[in-house]
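Q: Residue numbering for the sequence shown is 36 to 327, as defined by the numbering used here.
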Amino acid sequence: MPLVIPKEIPAFDILKNSVFVMDTQRANSQDIRALEILILNLMPTKIETENQLLSLLANSPLQIHISFIATQSYVGKNTPLTHMEKFYQGVNEIKNKKFDGAIVTGAPVELMNFEDVKYWEELKQIFDFLRENVTSTMYLCWGAMGALYYFYGIEKYALDKKCFGVFSHTIKNQDLILTNLNERVLMPHSRHSHINEAQILNHKELKILLENDEAGISMLRDKQDIFILGHLEYFKNTLNLEYERDAKIQAPKNYFDEKGEIAYNWRSNANTIFSNWLNYDVYQSTPYVLSF
Numbered sequence: 036m037p038l039v040i041p042k043e044i045p046a047f048d049i050l051k052n053s054v055f056v057m058d059t060q061r062a063n064s065q066d067i068r069a070l071e072i073l074i075l076n077l078m079p080t081k082i083e084t085e086n087q088l089l090s091l092l093a094n095s096p097l098q099i100h101i102s103f104i105a106t107q108s109y110v111g112k113n114t115p116l117t118h119m120e121k122f123y124q125g126v127n128e129i130k131n132k133k134f135d136g137a138i139v140t141g142a143p144v145e146l147m148n149f150e151d152v153k154y155w156e157e158l159k160q161i162f163d164f165l166r167e168n169v170t171s172t173m174y175l176c177w178g179a180m181g182a183l184y185y186f187y188g189i190e191k192y193a194l195d196k197k198c199f200g201v202f203s204h205t206i207k208n209q210d211l212i213l214t215n216l217n218e219r220v221l222m223p224h225s226r227h228s229h230i231n232e233a234q235i236l237n238h239k240e241l242k243i244l245l246e247n248d249e250a251g252i253s254m255l256r257d258k259q260d261i262f263i264l265g266h267l268e269y270f271k272n273t274l275n276l277e278y279e280r281d282a283k284i285q286a287p288k289n290y291f292d293e294k295g296e297i298a299y300n301w302r303s304n305a306n307t308i309f310s311n312w313l314n315y316d317v318y319q320s321t322p323y324v325l326s327f
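If you want it as structure tokens, here you go:
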């Protein structure tokens, strides 16, 4: 079954040649209850992030309807206003709805204290909404750090050197979301901070899933939600673009092969984890009728 998105959104033309996407008009003519997935996009390059996430969500046999929200207390300048007005809503516009699943992206504010982020107060309200009205939420990178801090008081700290590259992770605890993964799980990272791992151990409700000696604890969960410190959603060239943006100061580790070419070796892991999340944490757990 397809991913249901507006035909006018840039991702539609990009995805239609590689995965099954269906425009909203056609989907409305089918007698099927699509999964309702909400995406809170905090990234400045919103269209690129849309393309990354939608390409993974589309790799599923389930019909999925996507809704985008962005913060209202802070509006970035890197995405055209016409795009935001056409495809995005504020939390007040969806507060009377329930969703099967949600994704919260990272944001380029990780060196700031959470309370100093302009939209932190609004984000706390969104976190509460997600806990109450979404079957399962996947939090990515800074979004995961923010959620762990808000729900569990787990602090973050600045790294001496940016965690940048593709790292091989060990499975620490078995979980359905890790079904059909190899023993070593590759995942890109791009961040200047990390969570206080000692504080994680104080919360028995948090289950550590993936860990790397250098990148640290990179994926964990509680009964409802998933927290991923890396960027499984990244496209092949994303780390390279960041490397060039930063004037090639620090090369991403384990990313270029001996010939200097990009080793795109994490995509199957990303597809498996996103598909497992949709299947086990969302589809098999959510009620058929979404209502208050």
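Built from N, CA and C at the ideal position, the CB exists for glycine as well.
Starting from the C-beta of Gly181, find all residues in its chain whose C-beta is less than 7 Å away, skip the five residues before and the five after it, and write them out in chain order.
A: Phe149, Leu158
Q: Relative to the alpha-carbon of Ser228, which residue among Leu216, Ile212, Cys176 has its alpha-carbon at the smallest distance?
A: Cys176
Q: With the cut-off set at 8 Å, would you say Ile138 and Ile74 are in Cβ contact?
A: yes
Q: For Asn127 and Ser108, I'd like the C-alpha separation in whole angstroms.
A: About 12 Å.
Q: Identify every residue that forms a DSSP beta bridge with Met173.
A: Ile138, Ile261
Q: Taking Ser303 as the reference, give the member of Ile297, Thr140, Met222 with the closest Cα.
A: For the options Ile297, Thr140, Met222, the alpha carbon positioned closest to that of Ser303 is the one of Met222.
Q: Please state if the CB of Phe164 and the CB of Glu71 are separated by a distance shorter than 8 Å.
A: no
Q: Am I right that Met78 and Gly141 are in contact with their C-beta atoms under 8 Å? What's the rounded C-beta distance?
A: 7 Å
Q: Take Val144 and list the residues in its own chain whose beta-carbon comes closer than 8 Å to its own, dropping the five residues that flank it on each side.
A: Val152, Trp177
Q: Under 8 Å, do Ile230 and Leu267 count as touching if we go by C-beta distance?
A: no
Q: Measuring straight from C-alpha to C-alpha, what distance separates Lys258 and Ala179?
A: In this structure, the straight-line span from the alpha carbon of Lys258 to that of Ala179 is close to 15 Å.
Q: Identify the continuous alpha helix (DSSP H) that holds Asp163 and give its terminal residues.
A: 155 to 168
Q: In chain order, what residues of the same chain lie with their CB nearer than 8 Å to the CB of Asn94, ignoring the 5 residues before and after it?
A: Val54, Asn306, Phe309, Ser310
Q: Just to confirm my understanding: we take Leu264, look at its own chain, exclude 5 residues before and 5 after, and list those with CB closer than 8 Å. What are they?
A: Cys176, Ala179, Met180, His224, Arg226, His229, Ile230, Ala250, Gly251, Ile252, Ser253, Met254
Q: Express the C-alpha separation of Pro322 and Gln65 in angstroms, rounding to a whole number.
A: Reliability fails at Gln65, whose pLDDT of 43 lies under 50, so the model's placement of it is uncertain and no value is given.
Q: Using a 10 Å radius around the Cβ and a threshold of 16 neighbouring Cβ atoms, would you call Val324 buried or exposed?
A: exposed
Q: Helix or strand or just coil, what does DSSP make of Asn300?
A: coil
Q: Quick one: measure Cβ to Cβ for Asp292 and Lys242, integer angstroms, because I've assumed they're closer than 8 Å.
A: The Cβ separation is near 34 Å, so there is no contact.
Q: Please check if any C-beta of chain C sits within less than 8 Å of the C-beta of Asn275.
A: Absence of chain C from the displayed structure is noted, only one protein chain being present.
Q: Could you give the first and the last residue of the continuous alpha helix (DSSP H) run that contains Leu116?
A: 116 to 122
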